[in-house]
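Numbering-wise, the sequence shown is residues 903 to 1013 according to this note's numbering.
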Amino acid sequence: MSDIPTIKRQLKIKTNSAKRLLKEHGLYKKEADEGKRKVDKLIADGAEGWEVRSAQNLLRESEKMVADTSARLGTTVLELRDVVVAGKKEEALKEDPVLLEADDVLEEANM
């Protein structure tokens, strides 16, 4: 994969995918936390059974999406890391903004 335009294109694609998945993961995690608080509050307030079950179903869906986005993010980060390593081997890409942005996204994903 020493073709520089191919590496740059893959860097852009993988970087944007990782950014999108990071954002999605954060939003689903926030939604799951809010759902957990809502279920706990409904139970504490003695809400009707259907209301609690409905909130629990929403919470389960959010938790599934957190797991799904986490798995997809992990795969994308590994692919991005491979492309970044290939890009760093190319002298022409060492200081390229696309490669630097990909590095930043990798750092953000590892937090």
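Note that the Cβ used here is the ideal one computed from N, Cα and C, for glycine as well. Predicted model, so just to flag it, every value in this text is computed and none were measured.
Give me the Cα-Cα distance between Val-986 and Thr-908, rounded to the nearest whole angstrom.
Counting from one through the sequence shown, the residue named residue 986 turns up at place 84. Counting from one through the sequence shown, the residue named residue 908 turns up at place 6. Cα-Cα distance, rounded: 12 angstroms.
Met-1013 by DSSP, collapsed to three states: which one?
Here residue 1013 is taken as the residue at index 111 of the sequence shown, counted from 1. DSSP places Met-1013 in coil when its eight states are reduced to three.
Inspect the CB distances between the stretch 908-917 and the stretch 981-996 and report whether three or more fall short of 8 angstroms.
yes
If we count the other Cβ atoms within 10 Å of its Cβ and call it buried at 16 or more, is Thr-977 buried or exposed?
The count along the sequence shown starts at 1 and reaches residue 977 at position 75. When all chains shown are included, Thr-977 counts as exposed.
Could you check what DSSP says for Met-903 in three-state terms: helix, strand or coil?
For the purposes of this step, residue 903 is identified with residue 1 of the sequence shown, where counting begins at 1. Confidence is the limiting factor: at Met-903 the pLDDT is only 47, short of 50, which leaves the residue's position unreliable and the question unanswerable from this model.
For Gly-937, does the count of other Cβ atoms within 10 angstroms reach 16, so buried, or fall short, so exposed?
Position 35 of the sequence shown, counted from the start, is the residue given in the question as residue 937. By the neighbour-count definition (other C-beta atoms within 10 Å, threshold 16), Gly-937 is a buried residue.
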